[in-house]
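**Q**
Chains as they are written, first to last, in our numbering: chain A, 104 to 285; chain E, 3 to 495.
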């Protein structure tokens, strides 16, 4: 009886520990996760939904957290796959894309995010980031936001290491050009 | 020598661990030892910070499903997450759960209170605040109507029809346009900047929206696109020989309205097939009534190939325009050849008669020239002979067409060999299969009853490219028609 109780207590403790680790990770990396998903799915609402879905997927697999070396990379990998699923859904293809032909000139929107986006240079880089090819975008976001190594990215995306580096070079080259624009 | 751009690219790759170890070590040494490289490195670090900021999204905190909520957790995991059975509960654990439940209740009450308070605050802000957004082209196009869309909504996104005042100001503050309108029921309004507005280098757009006595304003400085014109280039020929002169002309017109500038500085130059500027070809001038022109004598020793004429505005008024042409040594025809059929058209089984004549370019007939004559119909050879031209350089060609012809695609070709000069002349045999396509073209599109109407008809052989009507019966006429009695009035062919 005592042995059973101690086993259950240990399981409960593990469960609480896993839950706590997940919650902490999602709280810590929320900006990076949301940013990654925003560029992957194209709009904030879908990005928020995808983030919640990512959390639920991670929660379902919390039992295996002890075997995971890099929790952040694991979460971003699940986020990437969830974002890809949403992006590939047929109904989303009919929706308005994130970037349009017209440029928002000005707004009196008081939110910090909008004020931030109105900063010309940041807006330009965000536009360039949104305009990157999908494969370049994924590699850049996994490196930039998830701080994953190129080997981890190669494994997560399923492409050779050299291709990962080539895509990263192309991505940062385009983004640097956007920063350098007068 | 590495340019600054290349250096910055390498430094950014260094920051993103993309360089091989030895190259990265070398670059780090340069950063440590060279102040210029160190400054570039500091600059690229700022760029990297900007990229990091752009990749993140600082949105309001998102409430993730609470893992402490058993219902949610159950939905998430598909199983009950209670760690122990009821039988195993210890009194201490029970007390802990009661304490947790109490804390959760207090937390829920505080959260609910906060939620309703926040909602009240947001509702108040939504009632007071107006969100004004102006979208449109980032640059004003001169001589074109530029449209800007105004959207007025509450902070929650609900459209608000409000009064909007807008103005376009010149750089000196002088108002070019001022107007006051109201956004529609869906909170939208389109501001049109007229095409005839005298725009300088930039203009200032000022939009003011009024809602419940409160003002919201959006201002934007709009640069005016300096590219006002387009240029078209034309050459006197598409193909030149070395030693000939290329004559070219440009026409510059306004992009909108096709107006011509009085005078405009323009630069011409020619590029050889490698892209290098041809020596002596650059020419600067001023257009008159939009027209510029020039000439360039191609040197005798010039290599052939595809050349490009480039016209460039010296003040950026029009985008660069190019026109390609070829320089190639080619042989001029040495014989003047003539091949004429004796009839305008032939039907299957007819005897075809054609007269051939050839004269040398330097004068005199191509006497006794060797000829090779070939006639083909529908891809099959129907006649072939190899006579010699007469002393006058002429030859009568006679052959009979097949009795049955499918499509009527016939050709007569004569190859002339005059003392080493070999040239060819070929002509289509005008075969008429008796199928005539006739069309009528009433003036104005339709015939009108009780009104005299003119109509033109056209007859074409169904297969031959052009058909002339039999001489005795004109095939094309114009008719004046009353409602019932047409009468011919004018012969048009």
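Backbone N, C-alpha and C define an ideal beta-carbon position, used for all residues, glycine too.
Helix, strand or coil for residue 236 of chain E per DSSP?
**A** Sequence index remark: in the second chain, residue 236 of chain E carries index 234 (1-based). It is a strand residue.
**Q** Going by DSSP, name the residue or residues bridged to residue 147 of chain E.
**A** Looking up residue 147 of chain E in the second chain gives position 145. Answer is none; residue 147 of chain E lacks a bridge partner.
**Q** Beta strand (DSSP E) containing residue 243 of chain E: first to last residue?
**A** One-based indexing of the second chain puts residue 243 of chain E at position 241. Taken as a continuous stretch (DSSP letters only), residue 243 of chain E belongs to no beta strand (DSSP E), as it is neither H nor E.
**Q** Out of E:236, E:301, E:338, E:350, state which residue places its alpha-carbon closest to the alpha-carbon of residue 325 of chain E.
**A** Locating residue 325 of chain E in the second chain gives position 323, counting from the first residue. When only C-alpha atoms are compared, the closest one is E:236.
**Q** Can a CB atom of chain A be found closer than 9 angstroms to the CB of residue 55 of chain E?
**A** Here residue 55 of chain E refers to the residue found at position 53 of the second chain. Yes, because at least one Cβ of chain A sits closer than 9 angstroms to the Cβ of residue 55 of chain E.
**Q** So is residue 246 of chain A in contact with chain E if we call contact Cβ pairs under 9 angstroms?
**A** Mapped onto the first chain, residue 246 of chain A falls at position 143. Answer yes: the Cβ-Cβ gap between residue 246 of chain A and chain E drops below 9 angstroms somewhere.
**Q** What is the DSSP secondary structure of residue 304 of chain E, reduced to helix, strand or coil?
**A** Looking up residue 304 of chain E in the second chain gives position 302. Coil at residue 304 of chain E, not helix or strand.
**Q** Quick one: give me the first and last residue of the alpha helix (DSSP H) that residue 267 of chain A is part of.
**A** Here residue 267 of chain A is taken as the residue at index 164 of the first chain, counted from 1. Counting along the chain, the alpha helix (DSSP H) containing residue 267 of chain A begins and ends at 264–283.
**Q** Given 8 angstroms as the limit, is there contact between the segment 323–341 of chain E and the segment 358–378 of chain E, that is, 3 or more CB pairs closer than that?
**A** Yes, since at least three Cβ pairs between the segment 323–341 of chain E and the segment 358–378 of chain E fall closer than 8 angstroms, the two stretches touch.
**Q** Restricting to Cα atoms, I'd like to know which of A:136, A:157, A:153, A:183 is closest to residue 261 of chain A.
**A** Against the first chain, residue 261 of chain A aligns to sequence position 158. For the residues A:136, A:157, A:153, A:183, the minimum Cα distance to residue 261 of chain A belongs to A:183.
**Q** Compute the Euclidean distance between the alpha carbons of residue 176 of chain A and residue 153 of chain A, then round it to the nearest angstrom.
**A** For the purposes of this step, residue 176 of chain A is identified with residue 73 of the first chain, where counting begins at 1. For the purposes of this step, residue 153 of chain A is identified with residue 50 of the first chain, where counting begins at 1. Using only the alpha carbons, I get a separation of about 17 angstroms.
**Q** Can you list the residues of chain A that residue 2 of chain E reaches, using a CB-CB cut of under 8 angstroms?
**A** Here chain E comprises residues numbered 3 to 495, so residue 2 of chain E is not present and cannot be evaluated.
**Q** Since residue 415 of chain E sits in a beta bridge, which residues does DSSP pair it with?
**A** Taking the first residue of the second chain as 1, we reach residue 415 of chain E at position 413. Looking at the DSSP assignment, residue 415 of chain E forms a beta bridge with E:376, E:428.
**Q** Taking one C-beta from the segment 28–37 of chain E and one from the segment 254–269 of chain A each time, how about it: are there three or more such pairs within less than 8 angstroms?
**A** Not touching, per the Cβ criterion.
**Q** Buried or exposed, going by whether 16 or more other CB atoms sit within 10 Å of the CB of residue 104 of chain E?
**A** Position 102 of the second chain holds residue 104 of chain E. That one is exposed.
**Q** I need the straight-line Cα distance from residue 531 of chain E to residue 443 of chain E, nearest angstrom please.
**A** Chain E is shown only over 3 to 495; residue 531 of chain E falls outside these bounds and no answer can be derived.
**Q** Comparing C-alpha positions only, which one of E:346, E:308, E:340, E:416 sits nearest to residue 329 of chain E?
**A** The residue given as residue 329 of chain E occupies position 327 in the second chain. Looking at the Cα atoms, E:308 is the closest of the given residues.
**Q** List the residues of chain A whose Cβ lies closer than 7 angstroms to the Cβ of residue 185 of chain E, in chain order.
**A** Position 183 of the second chain, counting from 1, holds the residue named residue 185 of chain E. Here the premise fails: no neighbours, minimum Cβ distance about 15 angstroms.
**Q** Between the segment 309–323 of chain E and chain D, which residues of the former have a C-beta closer than 9 angstroms to a C-beta of the latter?
**A** Checking the listed chains, one finds no chain D in this structure; the protein chains it contains are A and E.
**Q** Run through DSSP, which three-state label would residue 37 of chain E get?
**A** Locating residue 37 of chain E in the second chain gives position 35, counting from the first residue. Three-state result, residue 37 of chain E: helix.
**Q** Taking 7 angstroms as the limit between beta carbons, can you name the residues of its chain near residue 172 of chain E, skipping five residues before and five after?
**A** For this step, residue 172 of chain E is matched to residue 170 along the second chain. Contacts found: 178, 202, 205.
**Q** List the residues of chain E whose Cβ lies closer than 8 angstroms to the Cβ of residue 234 of chain A, in chain order.
**A** As a position in the first chain, residue 234 of chain A is number 131, starting the count at 1. The premise fails here: residue 234 of chain A is roughly 12 angstroms from chain E at the closest Cβ pair, so nothing lies under 8 angstroms.
**Q** State the beta-bridge partners of residue 356 of chain E as determined by DSSP.
**A** Against the second chain, residue 356 of chain E aligns to sequence position 354. According to DSSP, residue 356 of chain E bridges with E:343, E:399.
**Q** Just how far apart, CA to CA, sit residue 213 of chain A and residue 149 of chain E?
**A** One-based indexing of the first chain puts residue 213 of chain A at position 110. One-based indexing of the second chain puts residue 149 of chain E at position 147. Note that residue 213 of chain A has pLDDT 44, beneath the 50 cutoff, so the model's placement of it is unreliable and no number is given.
**Q** So residue 268 of chain A contacts chain E; which residues on that side make the cut at Cβ distance below 8 angstroms?
**A** Looking up residue 268 of chain A in the first chain gives position 165. Within 8 angstroms Cβ-Cβ: 20.
**Q** With C-beta atoms as the reference, is residue 395 of chain E less than 9 angstroms away from residue 371 of chain E?
**A** As a working mapping, residue 395 of chain E is identified with position 393 in the second chain. As a working mapping, residue 371 of chain E is identified with position 369 in the second chain. Closer than 9 angstroms, so yes.
**Q** My understanding is that residue 293 of chain E touches residue 260 of chain E, with C-beta atoms under 8 angstroms, so please give their C-beta distance in whole angstroms.
**A** For the purposes of this step, residue 293 of chain E is taken as residue 291 along the second chain, with counting starting at 1. For the purposes of this step, residue 260 of chain E is taken as residue 258 along the second chain, with counting starting at 1. Between residue 260 of chain E and residue 293 of chain E the Cβ distance is about 14 angstroms, and since that is not below 8 angstroms, they are no contact.
**Q** Anyone know if the C-beta pair for residue 180 of chain A and residue 56 of chain E falls short of 9 angstroms?
**A** Numbered from its first residue, the first chain carries residue 180 of chain A at position 77. Numbered from its first residue, the second chain carries residue 56 of chain E at position 54. Going by C-beta atoms, residue 180 of chain A is not nearer than 9 angstroms to residue 56 of chain E.
**Q** Thinking C-beta only, is residue 369 of chain E closer than 9 angstroms to residue 393 of chain E?
**A** What you label residue 393 of chain E is simply residue 391 of the second chain in a count that begins at 1. What you label residue 369 of chain E is simply residue 367 of the second chain in a count that begins at 1. Yes, Cβ-Cβ distance for residue 393 of chain E and residue 369 of chain E is below 9 angstroms.
**Q** From E:53, E:225, E:182, E:271, pick the residue whose C-alpha is nearest to that of residue 244 of chain A; which is it?
**A** On the first chain, position 141 is the one that residue 244 of chain A refers to. With distances taken between Cα atoms, residue 244 of chain A lies closest to E:53.
**Q** Which residues mark the beginning and the end of the beta strand (DSSP E) in which residue 298 of chain E is found?
**A** To locate residue 298 of chain E, count along the second chain from 1; it is residue 296. Here the beta strand (DSSP E) through residue 298 of chain E covers 293–299.
**Q** In terms of alpha-carbon separation, which member of A:278, A:168, A:136, A:148 lies closest to residue 121 of chain A?
**A** Walking along the first chain from the start, residue 121 of chain A turns up at place 18. Here the closest residue by C-alpha is A:168.
**Q** Alpha carbon to alpha carbon, how far is residue 461 of chain E from residue 438 of chain E? Give it in angstroms, no decimals.
**A** The residue labelled residue 438 of chain E in the question sits at position 436 within the second chain. The residue labelled residue 461 of chain E in the question sits at position 459 within the second chain. Using only the alpha carbons, I get a separation of about 6 angstroms.
**Q** My output table needs one value for residue 195 of chain E: the three-state DSSP class, helix, strand or coil.
**A** Walking along the second chain from the start, residue 195 of chain E turns up at place 193. The answer is strand: DSSP assigns residue 195 of chain E an E or B state.
**Q** At the level of alpha carbons, what is the spacing between residue 144 of chain A and residue 8 of chain E?
**A** Taking the first residue of the first chain as position 1, residue 144 of chain A is located at position 41. Taking the first residue of the second chain as position 1, residue 8 of chain E is located at position 6. Distance between the alpha carbons of residue 144 of chain A and residue 8 of chain E is about 33 angstroms.
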